[in-house]
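Enquirer: Chains as they are written, first to last, in our numbering: chain A, 1 to 157; chain B, 158 to 301. Glycine included, every Cβ here is placed at the ideal spot set by N, Cα and C. Only a predicted model underlies this, so the values are computations on that prediction, with no experimental measurement involved. Got a structure for you, written out below as structure tokens; questions coming shortly.
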């Protein structure tokens, strides 16, 4: 019997190939986990070569940075009617506790304000629940001129 | 070799290579460290896997951010007598220019060294140090 997918997972599935266009996302194994306009989640599986402290086997903060930066971008994409190229203006991350070794980390984000030029985003990294975060973050993104990674015709609905 | 012993031998020899190699994520980024007297430079050699936007192409913001954080950590490990890895408390990144598909360099300034916390400013640049592509500002908890 085929596994049943929730509408959120099914929607995330359709976003999957778009996460793949970024080589760095691919290298870290960042993939959409569940996608809702108000909470867009990417996942990174635990990998030994992404460890930051060999004594504790905790993932490096840089992995969390990449996960949240990518989740932030996605949370903006799901809010705007068509793709626009954008650049991260700034990103602030507070590390509340170390990630648990061997566990996948989820990065959830919501774009809570859009202006013609800017997108304001907040989110967090966690294992089970956003109420028990590993790290919290806020970011500001600026829409730029230039080409998008994804063609608008391909945009999942 | 225990990490603390590795630190001591790296500081003594001035070659941080073995320390970088002991940290999987730094190895994954293939980081290099160049120390000339008092001058500390961390280098992120360009690789295709670091690209975030293949159309431009531009470095992934997460790759630049992770590089800044590593540069700060290695700077502290080189500068300080810590026996363990400092813990990142918070990290603020300003992205100033598109990261081009080429090698990136980072220099570190210790803004304030307290008893338990070090406040650092880290500047990443490519063509020239006066044209930074990203600025990191962060607090690290040092071992007690």
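Please name the residue, chosen from 257(B), 263(B), 288(B), 231(B), that lies closest to residue 275(B) on a Cα-to-Cα basis.
Expert: Ranking 257(B), 263(B), 288(B), 231(B) by Cα distance to residue 275(B) puts 231(B) first.
Enquirer: I think residue 256(B) touches residue 216(B), with their Cβ atoms under 8 Å apart; what is that distance to the nearest whole Å?
Expert: Indeed, because the Cβ distance is near 3 Å, the residues count as touching under 8 Å.
Enquirer: DSSP three-state call for residue 252(B): helix, strand or coil?
Expert: Reduced to three states, the DSSP call for residue 252(B) is strand.
Enquirer: With distances taken Cα to Cα, identify the nearest neighbour of residue 220(A) among 44(A), 85(A), 53(A), 56(A).
Expert: No statement about residue 220(A) is possible, as the shown extent of chain A runs from 1 to 157 and does not include it.
Enquirer: Mind listing which residues of the segment 76-110 of chain A have their C-beta closer than 7 Å to chain B's C-betas, in chain order?
Expert: From the segment 76-110 of chain A, only 87, 88, 89, 90, 91, 92, 93, 94, 95 have a Cβ closer than 7 Å to chain B.
Enquirer: Measure from the C-beta of residue 160(B) to each C-beta in chain A and report whether the shortest distance is under 8 Å.
Expert: Yes - at least one Cβ of chain A is within 8 Å of the one on residue 160(B).
Enquirer: Run through DSSP, which three-state label would residue 78(A) get?
Expert: Three-state result, residue 78(A): coil.
Enquirer: At a Cβ threshold of 8 Å, is residue 226(B) touching chain A?
Expert: Yes, residue 226(B) counts as interfacial toward chain A.
Enquirer: Please list, in chain order, the chain A residues whose beta carbon lies closer than 8 Å to that of residue 179(B).
Expert: Within 8 Å Cβ-Cβ: 54.
Enquirer: Should the segment 29-47 of chain A be regarded as contacting the segment 56-71 of chain A, the criterion being three or more beta carbon pairs within less than 8 Å?
Expert: Touching, yes.
Enquirer: Using beta carbons (cut-off 8 Å, strictly below), is residue 22(A) in contact with chain B?
Expert: Judged by the 8 Å Cβ criterion, residue 22(A) is in contact with chain B.
Enquirer: Along the chain, where does the alpha helix (DSSP H) that runs through residue 23(A) open and close?
Expert: Taken as a continuous stretch (DSSP letters only), the alpha helix (DSSP H) holding residue 23(A) covers 23-28.
Enquirer: Any idea what DSSP makes of residue 175(B), helix, strand or coil?
Expert: Of the three classes helix, strand and coil, the one that applies to residue 175(B) here is helix, per DSSP.
Enquirer: Which word fits residue 294(B), buried or exposed, when buried means at least 16 other C-beta atoms lie within 10 angstroms of its C-beta?
Expert: Label assigned to residue 294(B): buried.
Enquirer: By the 8 Å beta-carbon criterion, what residues does the segment 184-214 of chain B contribute toward chain A?
Expert: So the list reads 184, 185, 186, 205, 206, 207, 208, 209, 210, 211, 212, 213, given in the order they occur along the chain.
Enquirer: Would you give the residue range spanned by the alpha helix (DSSP H) that residue 221(B) belongs to?
Expert: It spans 218-236 - the alpha helix (DSSP H) in which residue 221(B) sits, taken as one unbroken run.
Enquirer: Do you know how far the Cα of residue 4(A) is from the Cα of residue 260(B)?
Expert: Rounded to whole angstroms, residue 260(B) to residue 4(A) spans 46 Å at the Cα level.
Enquirer: Residues of chain A with CB under 7 Å from residue 281(B), in chain order?
Expert: Chain A residues near residue 281(B): none, gap ~13 Å exceeds 7 Å.
Enquirer: Looking only at C-alpha atoms, which of 194(B), 170(B), 244(B), 161(B) sits nearest to residue 227(B)?
Expert: When each option's Cα is compared against that of residue 227(B), the closest is 244(B).
Enquirer: Go through the segment 93-140 of chain A residue by residue and report every complete run of the beta strand (DSSP E) that reaches 3 residues or more, in order.
Expert: As far as the segment 93-140 of chain A is concerned, its whole beta strand (DSSP E) runs of at least 3 residues are 105-114, 118-126.
Enquirer: Compare the beta carbon distance of residue 75(A) and residue 138(A) with 8 Å and say whether it is the shorter of the two.
Expert: Their beta carbons are not under 8 Å apart, which means residue 75(A) does not touch residue 138(A) by this criterion.
Enquirer: Which residues of chain B have a Cβ atom closer than 7 Å to the Cβ of residue 70(A), listed in chain order?
Expert: The contacting residues are 219.
Enquirer: Check residue 84(A) in the structure and name its three-state DSSP category.
Expert: Three-state DSSP puts residue 84(A) in coil, outside helix and strand.
Enquirer: Can you list, in chain order, the residues of the segment 39-65 of chain A whose Cβ is nearer than 8 Å to any Cβ on chain B?
Expert: The residues in question are 48, 49, 50, 51, 52, 53, 54, 55, 59, 60, 61, 62, 63, 65.
Enquirer: For residue 101(A), tell me which candidate among 19(A), 39(A), 55(A) has the shortest Cα-Cα distance.
Expert: For residue 101(A), the nearest C-alpha among the options comes from 55(A).
Enquirer: Spatial neighbours of residue 39(A) within its chain, please: CB distance less than 7 Å, with the 5 preceding and 5 following residues excluded, ordered by chain position.
Expert: 108, 110, listed in sequence order.
Enquirer: Kindly indicate if chain A contains any beta-carbon less than 8 Å away from that of residue 242(B).
Expert: Output row for residue 242(B): interface = yes.
Enquirer: Can you say whether residue 221(B) is buried or exposed, counting buried as having 16 or more other CB atoms within 10 angstroms of its CB?
Expert: Result: buried.
Enquirer: For the segment 242-265 of chain B, which residues have a beta carbon sitting closer than 8 Å to at least one beta carbon of chain A?
Expert: Flagged, chain order: 242, 244, 245, 246, 247, 248, 249, 250, 251, 252, 255.
Enquirer: Would you kindly work out how many angstroms separate the C-alpha atoms of residue 300(B) and residue 131(A), rounded to a whole number?
Expert: The alpha-carbon atoms of residue 300(B) and residue 131(A) are separated by roughly 28 Å.
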